[in-house]
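This report concerns only the one structure given below.
Chains as they are written, first to last, in the numbering used here: chain A, 57 to 467; chain B, 57 to 467.
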């Protein structure tokens, strides 16, 4: 029981909510300018909105904790990520439109380059083409001959990314990542994850590890003459279990507009419809304009470029993406959603070239949003906003409340 | 399960963390100047640090709750004090280097002055000398003749303070303090603590109360001709149970540099090493300089003077202690710890001459610490800092995150 369960009790019909999530939005000052990407960007529309909105900062998962994209979004959608744990494998599978069944064991695959000693030389095999990825998946599947009473799926995601799914009885996800997350070392051995499970190791975990060890051995044999992708790394094993969606929990009929598989997969997992994949930011806004006013009442728009630029350490590009979004913002306002939220799922400071634990600016624009002292939309100004600093999983309740979707609590 | 358990899952090697805890740091404005001790003190180094750090305020235990020093420090070390309850007796025993065994029942003793009617006249017996304390402990132990199948220890702490430990089978800590915490009243009767335990009273509690009642009767008989300490008050009964330490939970190899027994005891309880006791603030900094760079990665420096001055209602002395620490601060910075935290374990406003519930200013200095609006290090300026107001038990996670010691949460 957490606060999100209380929202469930209070749900009533109400207005439309739009989430514009700029992935990895928050940042840190660059060493040269002393300013963050949000500080630097010319954002007249975001700044105008900030003055007319409740602003604040979201600590997405918890103090000091750097969110992955999955947990980051779960928090924004009202699913405390400490309670709702969804592995990379399940998210990736949903993102390639693989129709998981309860009990399936899913994992994320990287085609990777291994050196002659079997050590990881490139975790992404130079980001091979999606076309080559498809060929390698077929090659591995054709070569497999396993003592396993079930089905094996290996589906291309994009570039070096693929999804592995085992369907059969008695599988377990108490398994380690073989991906060591760095190069120059061998992959981690596939054996039951005794650090995270209670001893003795379950029969299901032992069996799953045995099947996967043999599967990886045969896959590497099949790929040994390929270059640069002569092997596979797997991570994020998870058994797929249904979770109650946004409709069931919060009465929201959601639509996801996102280009990247994982965000589409997560949205599908939460029962949202998923619009055609937009090609770019302009496509995202066009798709929104064509859908808004249909029978959805929760629109999730995802911008990936802010995070990619941050991950690449490219603050100039991050500024450019923010400015590009800012220029198109009036089109969201023209649609007159009852609640417009603009935030990120975590910070990705360009100076760190990585996700970080720093809280993310948030802006909530609605008829009855109380204004604070924020005159601009950036990390410092939002400290003075009416929402203050708060956990990421508070956000959906605030959006529901401002949309008139929560009844009074008690008499 | 709380957020600190999630940190445990994410631990990875990283940088060095230094905690400088100025006991009872927070305060309230004095009636004459309208300024707190932190406002009043000339602190160029703290103020410089504040501008270059994430600042905020820590509500150490919870809203309205005045922390004791034990719970206050537990919170700072990542042990939510509502979950990890450690009595004064156990802390005192560890502080005098008494090697508790699991199952031991420990309590804090005050040698005290009782009037002819048996009422408490001075809870500290005029702060008798440590030497006299030793003599009294021996006298009591020599006089005891109990129907108890076990051992009794009575160990001098300092001045009027001592530690009582019972070692035997079937003991309980469901016992009251006999210390009424004020004078002019008799001590509280030693009987099972029915307010805090479920009825019926356990056999262990009844037996423990019976042994202790007789023990106190015999002790008072042995001391009846002594002056000023003609009796004992006991409080903080607790059975010692091992708790997982900082190394086990958070991978931190800690070193405590503190002069007072309780802080040393608490640190030992959490598995930290404990440096030789520094004589004064200069000694504290010298000890830090001699140890920093050894194989520890978490250094806890404790300054007691801020709290003692606050307890004595002496804001002038509290200001002087803060200024003395400030002058030496550059020596901490020269060591270049990856994370430097400066805060207190609770407020001790001189106008109250007591611990209080008010949040405590905190400053976290690190490469990737996001700056806020705080231009000085005091109770008001820290309100505008990037850490905002938050629970005390958030602090260690923030320190771990900024030290690069927490892996990403989820994919």
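Here a beta-carbon is modelled for each residue, glycine too, at the ideal position from N, C-alpha and C.
Model, not experiment: these values are computed from the prediction.
DSSP beta-bridge partners for residue 287/A?
Residue 287/A is bridged by DSSP to 168/A.
Looking at the unbroken alpha helix (DSSP H) that takes in residue 112/B, where does it start and where does it end?
Residue 112/B -> not in any alpha helix (DSSP H); beta strand (DSSP E) instead, spanning 110 to 115.
Does the beta carbon of residue 211/A come closer than 9 Å to any beta carbon on chain B?
Under the Cβ distance rule, residue 211/A does not count among the residues neighbouring chain B, no pair being separated by less than 9 Å.
When the cut-off is 9 Å and only beta carbons count, does residue 464/B lie next to chain A?
Yes - at least one Cβ of chain A is within 9 Å of the one on residue 464/B.
Is it right to say residue 59/A is buried, meaning 16 or more other beta carbons lie within 10 angstroms of its own, or is it exposed?
Its Cβ having fewer than 16 others within 10 Å, residue 59/A is exposed.
Note the first and the last residue of the continuous beta strand (DSSP E) segment covering residue 78/B.
73 to 78 is the span of the beta strand (DSSP E), which, as asked, contains residue 78/B.
Just to check my reading of the structure: residue 437/A and residue 97/A have Cβ atoms closer than 8 Å, yes? What is that Cβ distance to the nearest angstrom?
Contact between residue 437/A and residue 97/A is ruled out by a C-beta separation of about 13 Å, above the 8 Å threshold.
Would you list, in sequence order, the uninterrupted beta strand (DSSP E) runs of no fewer than 3 residues that lie entirely inside the stretch 191 to 222 of chain B?
For the stretch 191 to 222 of chain B, whole beta strand (DSSP E) runs of length 3 or above, ordered along the chain, are 206 to 214.
Take the Cβ of residue 226/B as the centre, count every other Cβ of all protein chains shown within 10 Å, and call the residue buried at 16 or more, exposed below.
Residue 226/B is exposed by the Cβ-count criterion.
Straight-line gap, residue 86/B to residue 373/B (C-alpha atoms, nearest Å):
Taking C-alpha positions only, residue 86/B is separated from residue 373/B by approximately 13 Å.
Just the chain B side, please: which residues come within less than 7 Å of residue 127/A by C-beta, in chain order?
Those within 7 Å of residue 127/A in chain B are 465 and 466.
Integer-rounded CB distance, given that residue 161/B should sit under 8 Å from residue 222/B
That pair is a contact at about 4 Å.
Can a CB atom of chain A be found closer than 9 Å to the CB of residue 408/B?
The Cβ of residue 408/B sits no closer than 9 Å to any Cβ of chain A.
Three or more beta-carbon pairs under 8 Å between the stretch 322 to 342 of chain A and the stretch 173 to 185 of chain A, yes or no?
Pairwise C-beta distances place the stretch 322 to 342 of chain A out of contact with the stretch 173 to 185 of chain A, as fewer than three of them are shorter than 8 Å.
Helix, strand or coil: how does DSSP classify residue 446/B here?
Here residue 446/B sits in strand by DSSP.
Specify, as a first and last residue, the run of the beta strand (DSSP E) that residue 306/B falls within.
For residue 306/B, there is no enclosing beta strand (DSSP E); the residue is part of the alpha helix (DSSP H) that begins and ends at 302 to 306.
Leaving out five residues on either side along the sequence, give the residues of the same chain with a beta carbon under 6 Å from the beta carbon of residue 453/B.
Around residue 453/B, the same chain offers 63 as residues with beta carbons nearer than 6 Å, after the five sequence neighbours per side are excluded.
In the DSSP assignment, the alpha helix (DSSP H) including residue 388/A goes from what residue to what residue?
Per DSSP, residue 388/A is one residue of the alpha helix (DSSP H) stretching across 371 to 390.
6 Å CB neighbourhood of residue 150/B in its chain, flanking five on each side removed:
Excluding residues up to 5 positions away in sequence, 321, 324 and 325 lie with their Cβ nearer than 6 Å to the Cβ of residue 150/B in the same chain.
Using DSSP with H/G/I as helix, E/B as strand and the rest coil, what is residue 156/B?
Here residue 156/B carries a coil assignment [DSSP, helix/strand/coil].
Which parts of the stretch 385 to 434 of chain B are runs of the beta strand (DSSP E), unbroken and 3 residues or longer, counting only runs that do not cross its ends?
With a minimum length of 3 residues, the continuous beta strand (DSSP E) runs that stay inside the stretch 385 to 434 of chain B are 395 to 399 and 416 to 422.
Just the chain B side, please: which residues come within less than 9 Å of residue 76/A by C-beta, in chain order?
None at all; the shortest Cβ gap to chain B is about 22 Å.
Quick one: grab the DSSP three-state call for residue 357/B.
DSSP places residue 357/B in strand when its eight states are reduced to three.
By the DSSP assignment, the alpha helix (DSSP H) with residue 321/A in it spans what residues?
Per DSSP, residue 321/A belongs to the alpha helix (DSSP H) from 317 to 325.
What residue from 293/B, 461/B, 298/B and 333/B has the CA that sits closest to residue 312/B's CA?
Nearest of 293/B, 461/B, 298/B and 333/B to residue 312/B, Cα basis: 333/B.
Bridge partners of residue 489/B, per DSSP?
Beyond the ends of chain B as shown, which are 57 and 467, falls residue 489/B; an answer cannot be given.
DSSP beta-bridge partners for residue 176/B?
Answer is 170/B, bridged to residue 176/B.
Give the DSSP bridge partners of residue 330/B, in chain order.
Answer is 312/B, bridged to residue 330/B.
Inter-residue spacing [alpha-carbon to alpha-carbon] between residue 345/A and residue 426/A:
Taking the straight line from one Cα to the other gives about 27 Å.
So that I know if they touch, is there some Cβ in chain B lying closer than 9 Å to that of residue 435/A?
Yes, its Cβ sits closer than 9 Å to a Cβ of chain B.
Name the one or two DSSP bridge partners that residue 224/B has.
Residue pairing by DSSP places residue 224/B opposite 206/B in a beta bridge.
Would you list the residues sitting across from residue 94/B in a DSSP beta bridge?
Paired residue(s): none; residue 94/B is not in a bridge.
I need the DSSP call for residue 67/A, collapsed to helix, strand or coil.
Strand.
Please confirm whether any heavy atom of the ligand MG lies closer than 8 Å to the CB of residue 75/B.
Because no ligand of any kind appears in the structure shown, any question about the ligand MG cannot be addressed here.
Residues that residue 358/A contacts on chain B, provided the C-beta gap is smaller than 8 Å:
The premise fails here: residue 358/A is roughly 16 Å from chain B at the closest Cβ pair, so nothing lies under 8 Å.
Rounded straight-line distance, which links the Cα of residue 127/B to that of residue 142/B
C-alpha of residue 142/B to C-alpha of residue 127/B: approximately 7 Å in a straight line.
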